[in-house]
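Chemist: The sequence shown begins at 1300 in the working numbering and counts up by one. By construction, the Cβ of each residue, glycine as well, lies at the ideal position given by its N, Cα and C atoms.
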Amino acid sequence: MPNWIEAIRSCGLTFIKKHTFGESLELYETLHSWQGIKLGKYLIIPASGEQLAAIAESSDQFRRFEEEVISPFYFRLKGDWSWNLYIVFAVTDMAGLTAEKLSLIQRGKRYGKKLVIPEGQLASHLPAAKIPGGLGGTAAGHPLLDWQRQLAAEGLLFCLDNFRSQPVKHYVSTAAEPEPLPPEPAAAEQVPVPRPVGPIASLEFGSQFRPHVLADVPPLSFARVNLLAGPNGMGKTSVLESIELAFTGSIQRNVLAGERQQAAESWDGRITFQKDGEAPFHGLPHNEEKKERETTYYKHRVGPRANSQLNSAFHQYNYFSSEAVHQFCFGQAGKVDYRAAFARVIFGEQLERYEQCWKQHLEEFQRLGRKLEEERGELETRLSQVYAEGAQDSELLKSRAQAQLQQLGRWMQLSLFSYYPMPEKTASLPDIGEWLQHLTPRLHELDVAAAPLPSASLPDIGSIDDLQRQEAAVRAALDGLQARIAERRRELEQLPDSAGLEQRVQQLEGAFARLRQEQELFERLVLRLTELARLLDHRDSRHIRLQLDERLRTLESSIRSLEDIDNLYGQLAEQPVAEDMEDRAATQARLDELESRRAQAQETLRLATAQAEQLKEKTGRLQKLLSELKSTARMALHLHPDQSHCPLCGHDHETTQLLRAAIDSSLQADDAELTRVLDEVERSRLALEDTEAGILQLRHELARLSRLDEARAYLLSRRDVEETEALASESEGGHQAVQRVLTLIRERLGHQAQLREDLRLHARALDERGVTASAVRELNTLLADALLAPYLGDDREALSAAQLLIALQRASERVSADTEAARRDYAAAQEGARQAEAARQAAAAELSGLHEQARQLELRLQAMDELRQACSRLEALHVSLPGSQPWSEWKLYFQKLLLAAKELEQTLEPLVLIERTAREAAGLMNRLTEKTVMRDRCARAVQTLAGLRSLSDYGDDFVRSNFEAISRLFVALHSPSEFEGLEWTADRRIEARRKGTGTRCAIYQMSTGQRTSVLLAIFFIMHLVMDSAPQFLLLDEPVAHLDELNVLGLLDFLRQLTITRGTQLFFTTANPQIATLFRRKFSFLEDNFRVFHLRRDTEGPLRIHIQQFKPYQEKAIAVNQ
């Protein structure tokens, strides 16, 4: 029989109590705590395989066991504790436990998570999701550096870039020089620069990173565990990617997208760290800083000129996303290559992209090598055919060429072309061909130079003599036209200036428009003055009406001021302040005394109630009922001392004394003490109510005094109210004085309201007579108008209505006369300008016609100049044409010369074919040599690329090195624990071994949740093995494919990781239920746990609400950043 208490303590748990159920079932209640904080309760139930099989005989049987044994412990837990209960069956013998029974036990979620663990494995499995010990494996290798070293030696580093066919063709067609990598830094140079490792204290987003989402987000302060919750599209991933960008200088999603604009996101934010002396990160790291971080955090040795792979390493060891889960669990049609999938998890998509690149280049080199081999075969065949063909020189060909050469010389003489010497009669065919090759370009130049001769646009010019005569005549005519143009131009300049005439017209038009506008305005003023002229005869009434209006405005302002005071504090004057309430200190003392009495009464009532409850428990139900009835009846008599009807049955006992005697004699309770205590409880309750009523009244009075003090301060600040002067003059200024001032203000308000009503009646009487304030003001405004000043004189107020109308009539006539004179001047100026413009247009039209005639003559001269230049070019080419010879005749001879040259060229074509055949054979041999060299380069590139190790091979190295730890962590994470571990097969594949049967399960046969658990186990082991990596994990939607049991297993592991390693967590989820589970697992951290709720409207900025939680309570605590 094992010592279960010692076994419990060896697991790091605290033994609390042993419970026994029935004859043979024992339960050990234990506690898991950390630094004095309770993390979970473990109920350890030792049982044999047969006992556990009997408990799980059926689902109903196991449910009864849960209700009888486990539920009492569950219901004693409060708040988040209910999600931290673990039921552990420590099985001494697994015999008899089938997979179905294990599944029934471990899949149930009622009352807590259930684990079935062999007796000897408790220490390695508890607490739940325990971090595997003895991590003796190695970190993942650095395949990119190996690939770079091997490819650089052959000049093939471009194979790690995105595939393009051009670099491959360039490599094959040119002798590429080796590109050795620079030597690794010496040992003295590899000393890592101290870098912050976390935890992260705060994050400022700056203004450049995704401003449409993060522009208005204040700096975020982080705790040890941080949950980012909110619907999809709210910006949770953006928060994590801002940390990625600050640490690595890039975002992997953008880099893999291959879009330059996305890959180069801007960042001017800032990250600070919690540890003293760790400098913050400002902006993007430069290339050298990336290399230093890669060396410090991930032990990668980066050469001075090598590219940093910091972002890829960051995703290997610190950043886990749901995208990795999806790519691992779901592939193309058919089975997924899980060796490649594991390699993708271990090394990240970026290194997988590098592998895809060099494999694409390998395929291209192989394809190109096959193509080059085919081309070599074709060249060899063609070369054999060319050697078999031949052509010999013939005397017939030579004699024909000589005859055509003589004919060519005759046409050269007739064409006056004797610059180039003729070949000798004994010249060979190659010599004749060479001579013809030199002659042909000369003939082409002559043909181009003679193209303008003769000109189709100048049919009357056919020779040089004609050209000279026509040119002299055209120049004489052009001189005559130029003289006439100068004469017409002088006549045009003598005409009146159109701009001056137009300016004069515009001035007169402006003057006319201004006078017409003044006339219209004057007419409107006259019309309105005519309507208001009757008011001129009521001068006194006009003055009185304006005075009334002014007094009403002043009175309204005063009334509004007084109403403000009355509305605020007028009600305080309705009830006088008692003299005993004037002393605030005394009133406060009375209140304090009542509150003290209330506290005593509450204590008395509490004690009496507790005593009554104790007595009730000791007394039978009937006795308690009788005692309560008697107490109720007596209390009713106490409240209504003159009542004679029984409050219980309604019977009339005529007098109160008889009723009291009936109650005492009829309701005989054996327990008189209970009755007395109940009476005491009721009396205490009534006394407490009276005390609370007194407290409420005193508080009301104190509040009223405070309002009076507030009113006094306000009144003293109102210097515009004369009643407040009395308050300021009083020596003490008590509350009664404030009430008197408020009363005076209310009385004055009533008096002014009555006065306002009287003034309104007087004003209404004047308005009914037509003397309204608006009409009077309008009349005064019209009389003061500057437009009427010259016509009304200075003493306008003294005018009568009749005088005003006469003055206005005369003024209207004067204004109309001035307007008509201005109109006539404007019309005359317009007519003069029109006539001048017509004369100008006629002169301009004649001048334009003369210019057109001159232009036609100039064009004719230009055409003649082209003919002269053609003759000059012919002379430069040693062809001097006589002045009298027609150009058409010479052109005919020259065409015969061109035809003879073409015939000679055709005769010499067989010779060209012979030479061409020889050149073709030499060219084919050169191409064959070139293709052979290119084929050899392809073969060398294929050999180098095929010799590179794949990512799967590197992944196998890491998995084998850490396989035991990965297996243990997979078992801890996966629920229910269907498998007892993982195995590494001979063909380098991972398989799971089922409990009990020992059957194997390949990765592709697992469920999505089980695959996810394998993936998480590999990622966490990578993080744990790389002890120098930053001390935080970014987990972006890691539980998208897990059920609640597996989510709880993952959260248990994360909790162990946090408390044992101090790892900082950033966990995102869009599922509210997952967010609740996460909170229940981590609320024990209190201030070291924060929830960030992310919300934003469509296309709007992000809003973040931050909360903290206390363990054992559901209510959140808002956090102010």
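#1: Name the residue from Leu1997, Gln2168, Leu2384 whose alpha carbon lies nearest to the alpha carbon of Ile2358.
#2: May I ask which residues mark the beginning and end of the alpha helix (DSSP H) holding Ser1860?
#3: What separation, rounded to the nearest whole angstrom, lies between the Cα atoms of Gly1419 and Ala1394?
#4: Can you give me the C-alpha to C-alpha distance between Phe2377 and Leu2350, rounded to a whole angstrom?
#5: Excluding five sequence neighbours on each side, which residues of the same chain lie with their C-beta closer than 8 angstroms to the C-beta of Thr1829?
#6: Fully enclosed by the region 2327-2395, which alpha helix (DSSP H) runs are 4 residues long or longer?
#7: Which residues in the same chain as Asp1764 place their Cβ atom closer than 7 angstroms to its Cβ, once the five residues preceding and following it in sequence are excluded?
#8: Once you ignore the five residues that flank Val2037 on each side, which residues in its own chain have a CB closer than 6 angstroms to its CB?
#9: If you reduce the DSSP assignment to three classes, tell me which class Asn1525 lands in.
#10: Between Arg2402, Ile2403, Val2390, which lies nearest to Ala1522 when the distance is taken from Cα to Cα?
#11: Could you please give the first and the last residue of the uninterrupted alpha helix (DSSP H) stretch that includes Glu1979?
#12: CB-CB under 7 angstroms to Gln1910, same chain, minus the five flanking residues each way: which ones, in chain order?
#13: Any idea if Val1747 is buried or exposed, counting beta-carbon neighbours within 10 angstroms, 16 or more meaning buried?
#14: For Leu1650, which residues from the same chain have a beta carbon less than 7 angstroms from its beta carbon, with the 5 sequence-adjacent residues on both sides left out?
#15: Candidates Thr1680, Gln1615, Gln1736: which alpha carbon is nearest Gln2205's?
#16: Tell me which residue opens and which closes the beta strand (DSSP E) that Arg2299 is part of.
#17: Could you work out which residue in Glu1733, Glu2336, Arg2003 is closest to Pro1875 when comparing CA atoms only?
#18: Using the rule of at least 16 other Cβ atoms within 10 Å of the residue's Cβ for burial, across every protein chain shown, is Lys1316 buried or exposed?
#19: Is it buried or exposed for Phe1374, if we count other Cβ within 10 angstroms and need 16 for buried?
#20: With DSSP run on the structure shown, which of helix, strand or coil describes Leu2247?
#21: Whole angstroms is fine: what's the gap from Glu2208's alpha carbon to Leu2198's?
#22: Identify every run of the alpha helix (DSSP H) within the region 1493-1552, keeping only runs that are complete inside it and at least 4 residues long; order them along the chain.
#23: Give a yes or no on whether 8 angstroms exceeds the smallest Cβ distance from Leu1671 to chain D.
#24: Per DSSP, what kind of secondary structure is Pro2181 in: helix, strand or coil?
#25: Measure the C-alpha to C-alpha separation of Ala1422 and Phe1664 and round it to an integer number of angstroms.
#26: Can you grab the Cα-Cα spacing for the pair Phe1613 / Val2270, in whole Å?
#27: So, does the region 2037-2054 touch the region 2065-2081, judging by three or more C-beta pairs under 8 angstroms?
#28: Rounded to a whole number of angstroms, what is the C-alpha to C-alpha distance between Ala2328 and Ala2415?
#29: Which of the three DSSP states, helix, strand or coil, is assigned to Arg2292?
#30: Using the rule of at least 16 other Cβ atoms within 10 Å of the residue's Cβ for burial, across every protein chain shown, is Asn1383 buried or exposed?
#31: Considering only residues of the same chain and omitting the five flanking positions on each side of Leu1704, which have a CB-CB separation below 8 angstroms?
#32: Where are the beta strand (DSSP E) runs, 3 residues long or more, that stay fully inside the region 1387-1473, in chain order?
#33: Would you say Glu2279 and Arg2292 are within 8 angstroms of each other, going by their C-beta atoms?
#34: Going by DSSP, what residue range makes up the beta strand (DSSP E) through Pro1729?
#35: When DSSP labels each residue in this structure, what does Thr1319 get in the three-state scheme?
#36: Less than 8 angstroms between the beta carbons of Val2020 and Ser1860, yes or no?
Modeler: Checking against the coordinates, here is how it stands:
#1: Leu2384
#2: 1838-1868
#3: 15 angstroms
#4: 7 angstroms
#5: Leu2104, Leu2107
#6: 2343-2360, 2371-2381
#7: Gly2182, Ser2183
#8: Leu2007, Ala2010, Arg2011
#9: strand
#10: Val2390
#11: 1971-2016
#12: Val1976
#13: exposed
#14: Pro1442, Leu1443, Ser1611, Leu2250
#15: Gln1736
#16: 2299-2301
#17: Arg2003
#18: exposed
#19: exposed
#20: coil
#21: 16 angstroms
#22: 1510-1513, 1535-1547
#23: Looking for chain D here will not work: only one protein chain is present.
#24: coil
#25: 57 angstroms
#26: 26 angstroms
#27: no
#28: 33 angstroms
#29: strand
#30: buried
#31: Met1721, Pro1722, Ile1731, Leu2203
#32: 1412-1417
#33: yes
#34: First-last for Pro1729: 1728-1748, but that is the alpha helix (DSSP H), not the beta strand (DSSP E).
#35: strand
#36: yes
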